[in-house]
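Data block below; observations after.
Residue numbers (this note's numbering): 1375 to 1476.
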């Protein structure tokens, strides 16, 4: 017979997942197009931000030089997908991009 689809909802504590990163690295940059409201995340992830910036993007006004990056200098894809977050190549490319921009 046909199987019935099942939807499972789980409420997970994201602070447990990010805590090892905060312990391992002296500086952590969190980027996303959906982190809103921005003041909520330090509380949820249990950290004190040193710098916090939010940029309101709109297609109805001129953007301030947006930068779209799809690959690093090694031609490896740069991504914010959950499954790619542990990929050392993705992390290395993000770091190199930040160094190059600064």
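Note that beta-carbon positions come from the ideal geometry of N, C-alpha and C, so glycine has one too.
Here the structure is a predicted model, which is why all the values come from computation and not from measurement.
Would you give the residue range spanned by the alpha helix (DSSP H) that residue i belongs to?
i	result
residue 1418	1414 to 1419
residue 1394	1388 to 1398
residue 1441	Neither: residue 1441 is in no alpha helix (DSSP H) and is coded neither H nor E.
residue 1466	1462 to 1475
What does the alpha-carbon distance come out to for the pair residue i and residue j?
i	j	result
residue 1456	residue 1376	31 Å
residue 1408	residue 1386	18 Å
residue 1381	residue 1476	44 Å
residue 1458	residue 1470	17 Å
residue 1411	residue 1389	17 Å
residue 1446	residue 1472	11 Å
residue 1430	residue 1379	39 Å
residue 1401	residue 1450	23 Å
residue 1427	residue 1417	16 Å
residue 1424	residue 1404	12 Å
So is residue i buried or exposed if we call it buried at 16+ other beta carbons inside 10 Å?
i	result
residue 1419	buried
Verify whether the separation of the beta carbon atoms of residue i and residue j is less than 8 Å.
i	j	result
residue 1474	residue 1463	no
residue 1399	residue 1421	no
residue 1468	residue 1442	no
Could you check which residue in the options has the C-alpha nearest to that of residue i?
i	options	result
residue 1394	1468, 1411, 1454, 1460	1460
residue 1406	1384, 1454, 1430, 1392	1454
residue 1415	1392, 1468, 1384	1392
Got a sec: is the Cβ-Cβ distance from residue i to anything in chain D below 8 Å?
i	result
residue 1441	In summary, chain D is missing from the structure at hand, where a single protein chain is found.
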